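Working notes, beginning with the structure itself.
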Amino acid sequence: MACMLWTPSLVPKDCFLHIEEGKHTIRCSSVKGLHRALSLVNIQFSLFLVGVTIFAMWFYNFLQRIYGEKIEYSELRTKESKDIEIMMTMVEVHDTESRNGVKSLA
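Residue 5 is where the sequence shown starts when you use the working numbering, and the numbers rise one by one after that.
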């Protein structure tokens with residue numbers, strides 16, 4: 005987008021490149037020229053955004069074709085999941101003891 009604004013041959017109609025306090029700025033000589041320049045920049049940004057979206061979708065599909073069927077999932081074992089598993093086992097043991105009429109020491 006900046007290429008269009010800062011390249012003198014691509015500056016919109018009725019606008020010009022102006023040097024102000026050592027900085028290059030774009031000035032427009034009329035309100036119509038300003039609206040034209042803003043519209044062109046908005047269109048260019050929209051096309052850029054569409055292009056990035058299309059590229060991202062294409063790249064995702066490309067990676068999906070390469071790695072899509074080669075993924076093997078496995079369960080991650082953490083300390084927390086082991087603790088939960090031990091607690092569930094204790095609850096099951098306690099339930100079976102209470103059903104059988106055996107009193108536990110705990």
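The C-beta atom is built at its ideal place from N, Cα and C for all residues, glycine as well.
Here the structure is a predicted model, which means the values were calculated and not measured.
Residue 24 in three-state terms, based on DSSP = strand
Unbroken alpha helix (DSSP H) run spanning residue 55, endpoints = 35 to 71
CB-CB under 6 Å to residue 110, same chain, minus the five flanking residues each way: which ones, in chain order?
-> With a pLDDT of 49 at residue 110, under the threshold of 50, the modelled position of this residue cannot be trusted; read the value that follows with caution. Excluding positions up to five away in sequence, the list is empty.
What residues in its chain sit with their C-beta under 8 Å from that of residue 37, if we drop five residues either side in the sequence?
-> 16, 17, 18 and 19
Beta-carbon gap between residue 30 and residue 21 smaller than 8 Å = yes
Alpha carbon to alpha carbon, how far is residue 61 from residue 52? Give it in angstroms, no decimals.
-> 14 Å
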